[in-house]
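Have a look at the structure below before the remarks.
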Amino acid sequence: MEKKEQLYEGKAKKVYATEDPNLVIVSYKDDATAFDGAKKGTIVGKGVINNQMTNRLMAKMEKAGIPTHFVKELSERDTLVKKVSIVPLEVIIRNISAGHFASRYGVEEGIVFSEPTIEFSYKNDDLHDPLMNAYHAVALKLATWEEIELIKKYAFAVNDTLKAFWSECGVTLVDFKLEFGKTVDGQIVLADEISPDTCRLWDSKTNEKLDKDRFRRDLGGVEDAYAEVMKRLMAHDAQ
Ligand code: ADP
Ligand code: UDP
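My numbering puts the first residue of the sequence shown at 187, with every later residue one more than the last.
Here it is, written out as structure tokens:
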């Protein structure tokens, strides 16, 4: 399957049409942004890692019964996926306080919750992705109640599987963002990516950050952190 016209260029990926109207190719870039695009940079090799990591994790989600957009890895940076119309909600699951949760509520990072939380942000760059509750999403017809319930069910199921997997790799899953889409035949599937760009991952022993917070907060060792989590994933899968 070959890339045809570019349909979209985002901050971290490009999306291309293919000869099949139901399939698109996502191509992962090394570009990194943070703070609503205010901070820009490059994380060398990130595109390759995020592509390969996402695909391996998507396969694990499928195995756990969560439908995804994944079809086939085409190359280091390119993957064939089902074309979906993205539900414009960023679905955020948190197991431990960090990032905006900590700043919004004036608490420290690292509070371990007794159960995971879920929240939605309206995926809209012009409005800076404001928080949105399910009633507002339904009122704006971004999704139906049935779709919201399914998305919640899938998001918590992703958390269960992902948390258990990363734990086996010596990595603590702090929080993450998911996107869901609707396929041409109306099925809700997990789309976009699951990577150190979209998850907070801490070393289980030291709590060292192994994710995009190293870039956001200028902690250094960004490339090494991405490589480290990928190495642990590969080592786990090779067992
Ligand atoms: P952003 O749009 O936030 O800058 P990216 O650079 O990651 O993000 O761009 C990828 C875009 O592709 C995102 O807008 C995402 O919602 C969208 N996308 C992800 N998976 C699919 C899919 N299966 N079909 C169509 N669009 C998708
Ligand atoms: N996240 C993301 N894209 C966004 C916003 C958040 O992938 O546009 C991820 C982020 O990497 C973290 C989780 O969602 O793993 C929760 O992010 P938070 O709300 O704390 O905001 P942040 O501090 O990351 O801006």
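Beta carbons are placed, not taken as given, at the ideal position from N, Cα and C, and that holds for glycine.
Predicted, not measured: the structure shown is a model, and the values here were computed from it.
The straight-line gap separating the alpha-carbon atoms of residue 424 and residue 417 is approximately 10 Å. Beta-bridge partners assigned by DSSP to residue 210: 203 and 267.
Under DSSP, residue 385 forms a beta bridge with 362.
Exclusion of the five residues before and after residue 240 leaves 379, 380 and 381 as the residues of its chain whose Cβ lies within less than 7 Å of its Cβ.
In this structure residue 265 is buried. Its beta-carbon is surrounded by 16 or more other beta-carbon atoms within 10 angstroms. Assignment of beta-bridge partners to residue 195 by DSSP yields 200. As DSSP reads the structure, residue 377 sits in a beta bridge with 365. Annotation: the region 256-321 contains the following complete segments of the alpha helix (DSSP H) (minimum length 4 residues), in chain order: 285-291. Excluding five sequence positions before and after residue 406, the CB atoms of its chain that fall closer than 8 Å to its own CB belong to 400, given in chain order.
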